Amino acid sequence: LDQTSLTAALFEAEPDEVYNLAAQSFVKTSWNQPVLTGEFTALGVTRVLEAVRTVNPKIKFYQASSSEMFGKVTETPQKETTRFHPRSPYGVAKVYGHYITVNYRESYNIYACSGICFNHESPRRGLEFVTRKISHGVARIALSKQDKIELGDLKPKRDWGFAGDYVEAMWMMLQEANPDDYVIATGRNHSVREFVELAFKTVGIDNWQKYVVSNDSRHTRPAEVDYLIGDYSKAQKVLGWKPKTSFKELVEMMVKADLEMEKKNNS
Numbered sequence: 006l007d008q009t010s011l012t013a014a015l016f017e018a019e020p021d022e023v024y025n026l027a028a029q030s031f032v033k034t035s036w037n038q039p040v041l042t043g044e045f046t047a048l049g050v051t052r053v054l055e056a057v058r059t060v061n062p063k064i065k066f067y068q069a070s071s072s073e074m075f076g077k078v079t080e081t082p083q084k085e086t087t088r089f090h091p092r093s094p095y096g097v098a099k100v101y102g103h104y105i106t107v108n109y110r111e112s113y114n115i116y117a118c119s120g121i122c123f124n125h126e127s128p129r130r131g132l133e134f135v136t137r138k139i140s141h142g143v144a145r146i147a148l149s150k151q152d153k154i155e156l157g158d159l160k161p162k163r164d165w166g167f168a169g170d171y172v173e174a175m176w177m178m179l180q181e182a183n184p185d186d187y188v189i190a191t192g193r194n195h196s197v198r199e200f201v202e203l204a205f206k207t208v209g210i211d212n213w214q215k216y217v218v219s220n221d222s223r224h225t226r227p228a229e230v231d232y233l234i235g236d237y238s239k240a241q242k243v244l245g246w247k248p249k250t251s252f253k254e255l256v257e258m259m260v261k262a263d264l265e266m267e268k269k270n271n272s
């Protein structure tokens with residue numbers, strides 16, 4: 006949030022490329038702290054772009070946009086031209102960040118582009134996110150360290166991909182001759198319930214219902230997004246990008262990583 010520090014950092018580093026993934030990125034928190042979310046996730050983008058414009062407008066800039074911008078979807082699957090209708094303060098802030106990036110590109114001729122990334126997960130995901138909460142909880146249950154996992158609604162579906170695949174797409178965007186915006190997704194979606202089932206199956210547990218408390222009101226949101234599934238055909242055609250990691254591989258990767266971490270914590 007400190008414009009002076011951002012500008013000084015760019016002066017010192019002299020980067021060719023800047024990837025802005027900074028944000029208050031937890032949707033639930035955005036309801037409790039909407040002003041803070043706006044400061045970080047929306048205005049923070051403007052501050053970075055201003056630093057780029059001031060220090061060296063030839064720096065290539067990547068903005069991490071989000072599928073949460075689509076919210077109450079108008080078409081399925083969602084693509085670059087799909088209308089935004091965000092359903093959370095986080096989604097609203099991301100729409101601002103997306104359009105201010107477009108504005109600087111068109112107004113100042115800066116190489117600035119956005120990746121409209123659908124949910125991307127990895128073993129490094131924070132424990133406050135449902136995917137990591139599941140993988141970590143399942144690992145602890147398998148090791149008899151935990152009895153239950155408390156979750157909200159198991160029905161919502163998301164287009165979940167592997168963060169490593171998506172970071173590759175981010176880099177590929179900045180290697181193109183001309184800046185543009187791209188949807189980064191897998192083109193398939195899965196419910197929270199499917200994630201839970203696969204996670205427990207990874208540790209050999211079939212009767213997962215015994216260990217899951219669902220529809221806990223503490224984990225629900227004032228407004229939920231609709232059927233999110235991305236169309237990455239533009240990225241495939243222009244960048245030559247496509248996801249490499251399947252949903253099953255992603256879930257297994259996360260559970261196994263948490264198993265190893267919990268075992269090490271015992272040693």
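Counting from 6, one number per residue, gives the positions in the sequence shown under this note's numbering.
For each residue, glycine too, the CB sits at the ideal point set by N, CA and C.
Given the structure is predicted, the values throughout are model-derived calculations rather than measurements.
| Check | Outcome |
| --- | --- |
| For E85, which three-state DSSP category applies? | coil |
| Which of helix, strand or coil does DSSP assign to I279? | This structure cannot speak to residue 279, because the chain is shown only from 6 to 272. |
| Between R198 and K160, is the Cβ-Cβ spacing less than 8 Å? | yes |
| Tell me which residues share the same chain as E19 and place their Cβ nearer than 8 Å to its Cβ, disregarding the 5 neighbours each side in the sequence. | N61 |
| For the candidate residues R92, S93, S72, whose alpha-carbon lies nearest to that of K84? | S72 |
| Does the beta-carbon of E254 have 16 or more other beta-carbons within 10 angstroms, so that it is buried, or is it exposed? | exposed |
| Tell me whether I105 sits in a helix, a strand or coil according to DSSP, three-state version. | helix |
| Which same chain residues end up closer than 7 Å to E80 when comparing Cβ atoms and leaving out the 5 residues on each side of it in sequence? | T87 |
| Going by other Cβ atoms of all chains shown within 10 Å of its Cβ, with 16 needed for buried, is A13 buried or exposed? | exposed |
| Consult DSSP for I121 and reduce its assignment to one of helix, strand or coil. | strand |
| Please confirm if Y104 has its CB atom under 8 Å from at least one CB of chain C. | Absence of chain C from the displayed structure is noted, only one protein chain being present. |
| Report the rounded CA-to-CA distance for K247 versus T191, giving the unit in angstroms. | 8 Å |
| Please classify H224: does DSSP put it in a helix, a strand, or coil? | With a pLDDT of only 49 at H224, under 50, the local geometry of the prediction cannot be trusted, and no value is derived from it. |
| Taking the alpha-carbon positions, what's the D21 to A56 distance? | 13 Å |
| Check this for me: beta carbons of S140 and D263, under 8 Å apart or not? | yes |
| Between which residues of its own chain and S119 is the CB-CB distance below 7 Å, once the five residues before and five after are set aside? | Q68, S70, H103, T106, D186 |
| Where do the N-terminal and C-terminal ends of the beta strand (DSSP E) with Q68 fall, by residue? | 65 to 71 |
| Given L26, which residues of its chain have a CB within under 7 Å of its CB, disregarding the five upstream and five downstream residues? | A69 |
| Does the beta-carbon of V218 have 16 or more other beta-carbons within 10 angstroms, so that it is buried, or is it exposed? | exposed |
| Please list, in chain order, all residues of the same chain as T207 whose beta carbon is under 6 Å from its beta carbon, the five residues on each side excluded. | E257, V260 |
| For F200, collect the residues of the same chain with a Cβ closer than 7 Å to its Cβ; drop the 5 residues on either side in sequence, then sort them by chain order. | T136, I139, V256 |
| So what's E44 in DSSP terms, helix, strand or just coil? | helix |
| At the level of alpha carbons, what is the spacing between V78 and S196? | 17 Å |
| Alpha carbons only, please: which of F66, R145, L132 is nearest the one belonging to K269? | R145 |
| Where does K261 fall in DSSP's three states? | helix |
| Would you identify the three-state DSSP class for F167, choosing helix, strand or coil? | strand |
| Measure the beta-carbon distance from L41 to Q29 and round it to whole angstroms, keeping in mind my assumption that it falls under 8 Å. | 6 Å |
| Run the CB neighbour count on W165, radius 10 Å, all protein chains shown included, and call it buried at 16 or more, exposed below. | buried |
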